[in-house]
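Notes to accompany the following structure.
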Amino acid sequence: MTDPYWNDPRGPGYGPPPGPGYGGGGEYGRPPSGPLYGGGGEHGPDSGAGYGPPQEEEESSLVRMYAVTGGRTAPRTQLAMEALVSSATSGRLGLSFTREYRAISELCRHVRSVAEISALLGIPLGVARVLIADMESEGLVRIYHPQVQESGPGRDLLERVLGGLRRL
Numbered sequence: 679m680t681d682p683y684w685n686d687p688r689g690p691g692y693g694p695p696p697g698p699g700y701g702g703g704g705e706y707g708r709p710p711s712g713p714l715y716g717g718g719g720e721h722g723p724d725s726g727a728g729y730g731p732p733q734e735e736e737e738s739s740l741v742r743m744y745a746v747t748g749g750r751t752a753p754r755t756q757l758a759m760e761a762l763v764s765s766a767t768s769g770r771l772g773l774s775f776t777r778e779y780r781a782i783s784e785l786c787r788h789v790r791s792v793a794e795i796s797a798l799l800g801i802p803l804g805v806a807r808v809l810i811a812d813m814e815s816e817g818l819v820r821i822y823h824p825q826v827q828e829s830g831p832g833r834d835l836l837e838r839v840l841g842g843l844r845r846l
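In case it helps, the numbering used here puts the sequence shown at residues 679 to 846.
Written out as structure tokens, the structure reads:
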């Protein structure tokens, strides 16, 4: 028995969509589901909704994220995913800001990491980094970068660890 998905003359992946035997319900992946995509995401109000076939709104969401960042895939400043972010404004952002900015500002009323913001909003980490860096340059959020130790652990500590490992 030949599998049209893998045995297509053009190469793997050109055949019909994989069926349930490939770990999916015939879909190529789950559609985006965060609050910015119209769903509630993992923590949103309608998080119990299952994944159905993609709708037009969901298909255009990825293009929208590309447009929101101006086509940029990297932030203007170095931004680690474990960096902490807090809102620099006391009130809510007005309607003159994008809904992404307003959502990030609302989440950052409590200090959160860049990765956490990305997950809660259901947007890719790269997009979250670009948006947060832009918001910092506009003075809308504060970023607390993790402390990076310039030098590694001391030689005496490494020798004690090595000695302990040898005794094992």
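In this text, a Cβ means the ideal position worked out from N, Cα and C, and glycines have one as well.
Would you report the Cα separation of GLU784 and SER774, rounded to the nearest angstrom? Taking the first residue of the sequence shown as position 1, residue 784 is located at position 106. Taking the first residue of the sequence shown as position 1, residue 774 is located at position 96. Those two C-alpha atoms are separated by around 15 angstroms.
How would you write the range of the beta strand (DSSP E) that ILE821 sits in, first residue to last? As a first step, residue 821 is located in the sequence shown; it is residue number 143 there, counting from the start. Where ILE821 is concerned, the enclosing beta strand (DSSP E) stretches over 819-822.
CA-CA distance, GLY817 and GLY830? Here residue 817 corresponds to residue number 139 of the sequence shown, with the count starting at 1. Here residue 830 corresponds to residue number 152 of the sequence shown, with the count starting at 1. Rounded to the nearest angstrom, the two C-alpha atoms are 34 angstroms apart.
Cβ distance (whole Å) where ALA811 is taken to contact THR755 below 8 angstroms: On the sequence shown, position 133 is the one that residue 811 refers to. On the sequence shown, position 77 is the one that residue 755 refers to. Sure, about 5 angstroms apart at Cβ, within 8 angstroms.
Could you tell me which uninterrupted alpha helix (DSSP H) segments, each at least 4 residues in length, are contained entirely in the stretch 761-804, listed from first to last along the chain? 777-785 and 792-799
Note the first and the last residue of the continuous alpha helix (DSSP H) segment covering VAL839. As a first step, residue 839 must be located in the sequence shown, where it is residue number 161. Note, VAL839: alpha helix (DSSP H), 833-845.
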